[in-house]
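Read the structure below first, then the notes.
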Amino acid sequence: MSNIIFIAPPAAGKGTQAELLKEKYNMAHISMGDLLRNEVNSNSPLGEHIKTIMEEGKLVENKTVFELLEKRLLTLDVKEGYILDGFPREFNQVLAYENLSVRLHKEVDYVIYLHLDEDKASKRILGRVSCPNCGAVYNEYTDTFDKIGFCNKCSTKLVKRNDDNIETFKHRFQTYLSNTKPILDYYDGKGLLYIVDGSANKTDIFKRIEKIISGVVEW
Ligand code: AMP
1282 MSNIIFIAPP AAGKGTQAEL LKEKYNMAHI SMGDLLRNEV NSNSPLGEHI KTIMEEGKLV
1342 ENKTVFELLE KRLLTLDVKE GYILDGFPRE FNQVLAYENL SVRLHKEVDY VIYLHLDEDK
1402 ASKRILGRVS CPNCGAVYNE YTDTFDKIGF CNKCSTKLVK RNDDNIETFK HRFQTYLSNT
1462 KPILDYYDGK GLLYIVDGSA NKTDIFKRIE KIISGVVEW
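To convert, count from 1 in the sequence shown and add 1281; that's my numbering.
Spelled out as structure tokens, the structure:
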């Protein structure tokens, strides 16, 4: 059983890899972005507020993300391990998560950094579509479809995220550079950090991650 954190710029494939791990190893996939999008879709006043922040490419306030995350971790069956996708994204979240994970006996074993440069990330963003039903993520330019515009797994109509446009992407990438990238040094210092080339194809990335969590890769 492994507990994993994925850190990455937008569109580096953390959601895709998390879903692959979930399928093969029955791990729990906790996507902070999905938890926030669920709140947005509930049309609550909080959801309206979160929607504005996400569309600006900024980080949602810590009070909100902590509450949503703790609620999810408490209700979740994580005996096969979990993948935390999109959290932490800044240093106060790192510290808060350390306290929370110790309290819940769910400490992290691996922090995997999926590296992707801005140019490649922006190209991926423009083609990204996902399934609102099962969470599968595709690129409409590079993936093949049984029926164009529909999910290969569950046949639901694929959708584009509101924040997957070039303006919001630029803000998200800046937020990532100023808030998220600096936390890598912290995890490196703790001996938890593993770097994976996010520009490789998803099968090769997955093989690399499997090697890391089976203890084959050492840094
Ligand atoms: P993602 O689905 O991981 O690309 O996240 C989409 C958006 O949700 C981000 O651009 C942020 O606006 C927000 N978000 C996701 N995770 C966090 C987090 N840990 N802290 C604050 N905001 C977040």
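C-beta atoms are modelled at their ideal positions from N, C-alpha and C, and glycine is treated no differently.
Item to check | Beta-bridge pairing of Y1394 - partner residues as DSSP gives them | outcome: DSSP lists I1288 and I1476 as the beta-bridge partner residues of Y1394.
Checklist entry - How about L1317: is its Cβ closer than 7 Å to a heavy atom in the ligand AMP? => result Checking the Cβ of L1317 against the ligand AMP gives yes.
Item to check | Other residues of its chain near D1390: CB distance less than 6 Å, five sequence neighbours each side excluded | outcome: S1283 and N1284.
Checklist entry - Which class does S1411 belong to by DSSP, given the choice of helix, strand or coil? => result It is a strand residue.
Checklist entry - Based on the DSSP secondary-structure assignment, which residues constitute the bridge partners of D1366? => result Assignment of beta-bridge partners to D1366 by DSSP yields F1287 and S1312.
Next on the checklist: Taking the straight line between their C-alpha atoms, what separation do you get for K1404 and D1398?
Outcome noted: Approximately 10 Å, taken between the alpha carbons.
Checklist entry - According to the neighbour-count rule (16 or more other Cβ atoms, all chains shown, within 10 Å of its Cβ), is H1386 buried or exposed? => result Label assigned to H1386: exposed.
Checklist entry - Just how far apart, CA to CA, sit E1329 and P1413? => result Computed Cα separation, rounded: 19 Å.
Next on the checklist: Looking at I1393: is its Cβ nearer than 8 Å to the Cβ of F1487?
Outcome noted: The criterion of a C-beta distance shorter than 8 Å is not satisfied by I1393 and F1487.
Next on the checklist: Please classify F1450 as buried or exposed, where buried requires at least 16 other C-beta atoms within 10 Å of its C-beta.
Outcome noted: By the 10 Å Cβ count, F1450 comes out buried.
Checklist entry - Just to confirm, does V1418 get its C-beta within under 7 Å of one of the non-hydrogen atoms of the ligand AMP? => result Taken from the Cβ of V1418, every heavy atom of the ligand AMP lies 7 Å or farther away.
Checklist entry - Which of helix, strand or coil does DSSP assign to V1375? => result The answer is helix: DSSP assigns V1375 an H, G or I state.
Item to check | Neighbourhood of G1296 by C-beta distance below 7 Å, restricted to the same chain and skipping five residues each side | outcome: The residues are S1312, D1366 and V1418.
Checklist entry - Are the region 1344 to 1361 and the region 1371 to 1382 touching by the rule of at least three beta carbon pairs closer than 8 Å? => result For the pair of segments examined, the region 1344 to 1361 was found to touch the region 1371 to 1382: the number of CB pairs separated by less than 8 Å reaches three.
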